[in-house]
Amino acid sequence: MRHLYTWGAILVMSLASVVGDVLLARAMKQVGDVHALLRRSGLWIVIGRVLSNPNFFLGVTAMAAAFFSLLFALSWGDVSLIAPAAASLTFIGNALAAKIFLHEKVDSRRWIAAMLVATGVALLAG
Amino acid sequence: MGHAGTLYWLYVTFRKYLVLAGVAVFAATGDPMLSYGMKQTGTVSLHHLSSLFAAVLNPWVAVGIVLLLAFFASYMNALSWADLTYVLPATSISYVLLALIARFALHEQVSWRRWLGIALISGGVGIVAGGPARTERAQARNEHLEYPPFAKNAKDGAPSASYEVEL
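Here it is as structure tokens:
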């Protein structure tokens with residue numbers, strides 16, 4: 120039962136993380152390279168641009184949901200299982216979501232990485 | 609590329625890996641702190657949600673949250689100049705750090721299967737770090753030009769040529 124709870128929390132956490140990651144990545148792509156922006160306009164402009172981006176707020180909300188499922192999961196299981204398992208599932212979900220929603224070119228190198236990660240996740244579950 | 613150009617390239621490359629290292633280290637140190645704190649506060653039950661807020665008052669949980677905020681800042685920084693499918697694998701070294709911390713600081717049992725899984729994850733995703741950081745619009749000047757630069761998204765509002773050399 121404890122395992123079921125732990126894996127349930129891991130799944131919820133992964134889903135929320137994928138949604139959050141994609142929204143945050145979209146927000147930061149809209150903001151643009153912060154180093155260039157920092158040199159041109161200064162710190163407050165950068166912070167203002169990030170905070171006024173609606174995708175950023177939606178992303179943070181999803182990340183907060185992921186964070187609270189992490190707290191639940193951590194009180195039920197080991198961190199060396201939960202953190203890599205959730206992060207790896209998130210990674211695979213992100214590869215798909217980034218291709219579909221962010222139009223990133225997920226090349227063979229990145230797909231091979233995703234498959235190795237999937238194998239790693241299977242081993243973590245054992 | 610002249611002497612100044614080479615120096616600038618070195619600076620940008622160093623900064624790139626510094627930001628990625630920051631993401632990895634803050635991610636790997638934040639979670640164990642939370643784990644340690646949560647083990648002290650005990651099991652959080654769905655019927656006693658208030659215990660979740662009490663947990664935030666635990667100093668280990670509080671430090672863990674500060675580290676995760678530092679992670680968040682460097683993560684946002686990285687996402688502003690790199691793909692999501694680049695940043696996540698490139699910072700995967702955090703899994704190795706995490707396993708070492710769990711084994712030696714938290715004294716959790718890490719089986720050989722889990723070690724192998726962690727090795728596969730970090731090895732597999734590590735190969736991505738050497739590739740291009742950005743694929744969906746014009747490549748930054750310090751990247752391998754595996755994809756031809758194109759100005760399709762120039763009207764997005766985001767500056768696509770991020771590394772204009774000002775020297």
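The listed protein sequences correspond, in order, to chains A and B. Numbered according to this note's numbering, the first sequence spans residues 120 to 245. Numbered according to this note's numbering, the second sequence spans residues 609 to 775. The C-beta atom is built at its ideal place from N, Cα and C for all residues, glycine as well.
Keeping to the same chain, check which residues put their C-beta closer than 6 Å to that of residue i; ignore five residues upstream and five downstream.
i: Ala-214 (chain A); result: Val-225 and Ala-233
i: Gly-630 (chain B); result: Ser-682
i: Tyr-108 (chain A); result: Given a span of 120 to 245 for chain A in the structure shown, any question on residue 108 (chain A) remains unanswerable.
i: Ala-205 (chain A); result: Ile-129, Met-132 and Ser-133
i: Thr-649 (chain B); result: Ala-663 and Asn-666
i: Gln-717 (chain B); result: none
Could you pull the start and end residues of the alpha helix (DSSP H) that residue i belongs to?
i: Ile-129 (chain A); result: 121-150
i: Val-225 (chain A); result: Counting along the chain, Val-225 (chain A) falls outside any alpha helix (DSSP H), and DSSP gives it neither H nor E.
i: Ser-702 (chain B); result: 701-712
i: Ser-194 (chain A); result: 173-195
i: Pro-640 (chain B); result: 611-649
i: Ser-719 (chain B); result: Taken as a continuous stretch (DSSP letters only), Ser-719 (chain B) belongs to no alpha helix (DSSP H), as it is neither H nor E.
i: Pro-740 (chain B); result: Segment: none, Pro-740 (chain B) is in no alpha helix (DSSP H) and carries neither H nor E.
i: Ile-735 (chain B); result: Here Ile-735 (chain B) belongs to no alpha helix (DSSP H), and DSSP marks it neither H nor E.
i: Asn-685 (chain B); result: 667-689
i: Gly-167 (chain A); result: 162-170
Please work out which residues of its chain come closer than 7 Å, Cβ to Cβ, to residue i, disregarding the five sequence neighbours upstream and downstream, and give them in chain order.
i: Ala-690 (chain B); result: Ala-741 and Arg-742
i: Gly-178 (chain A); result: Gly-139, Leu-142, Leu-143 and Ala-146
i: Ala-216 (chain A); result: Val-137 and Val-141
i: Ser-227 (chain A); result: none
i: Leu-628 (chain B); result: Ala-686, Ala-698 and Thr-699
Apply the 10 Å Cβ neighbour rule to residue i and answer buried if 16 or more other Cβ atoms are within range, or exposed otherwise.
i: Phe-661 (chain B); result: exposed
i: Ala-632 (chain B); result: buried
i: Arg-722 (chain B); result: buried
i: Ala-612 (chain B); result: exposed
i: Gly-645 (chain B); result: buried
i: Ser-643 (chain B); result: buried
i: Ser-658 (chain B); result: exposed
i: Ala-594 (chain B); result: The structure shown has nothing for residue 594 (chain B), since chain B only spans 609 to 775.
i: Tyr-625 (chain B); result: exposed
i: Phe-176 (chain A); result: exposed
i: Met-120 (chain A); result: exposed
i: Gly-161 (chain A); result: exposed
i: Phe-622 (chain B); result: exposed
i: Ile-709 (chain B); result: buried
i: Leu-170 (chain A); result: exposed
Excluding sequence positions up to five away, which residues of its chain have a Cβ less than 8 Å from the Cβ of residue i?
i: Glu-751 (chain B); result: A caution first: Glu-751 (chain B) carries a pLDDT of 41, below 50, which makes its placement in the model unreliable, though a value can still be read off. Same-chain partners within the cutoff: Pro-740, Ala-741 and Arg-742.
i: Trp-668 (chain B); result: Met-641, Leu-642, Tyr-644, Gly-645 and Gln-648
i: Leu-156 (chain A); result: Val-150, Ile-164, Val-165 and Arg-168
Given that residue i touches chain E, what residues does it touch there, using C-beta distances under 7 Å?
i: Pro-640 (chain B); result: Here chain E cannot be found, since the structure's protein chains are A and B.
Just confirm the distance between the C-beta atoms of residue i and residue j, as a whole number of angstroms; I'd bet it's less than 8 Å.
i: Gly-239 (chain A); j: Ile-726 (chain B); result: 7 Å
i: Met-641 (chain B); j: Val-671 (chain B); result: 5 Å
i: Leu-728 (chain B); j: Leu-242 (chain A); result: 7 Å
i: Thr-693 (chain B); j: Glu-223 (chain A); result: 5 Å
Heavy atom of the ligand ZN less than 7 Å from the Cβ of residue i, yes or no?
i: Val-620 (chain B); result: The ligand content of the structure shown is nil, which means the ligand ZN is not present either.
Does the region 667-681 of chain B come into contact with the region 197-210 of chain A, if we say contact requires no fewer than three beta-carbon pairs (one atom in each stretch) closer than 8 Å? no
The region 180-194 of chain A touching the region 127-138 of chain A, judged by at least three CB pairs closer than 8 Å: yes
For the 8 Å Cβ check, are there 3 or more pairs between the region 634-643 of chain B and the region 695-705 of chain B? yes
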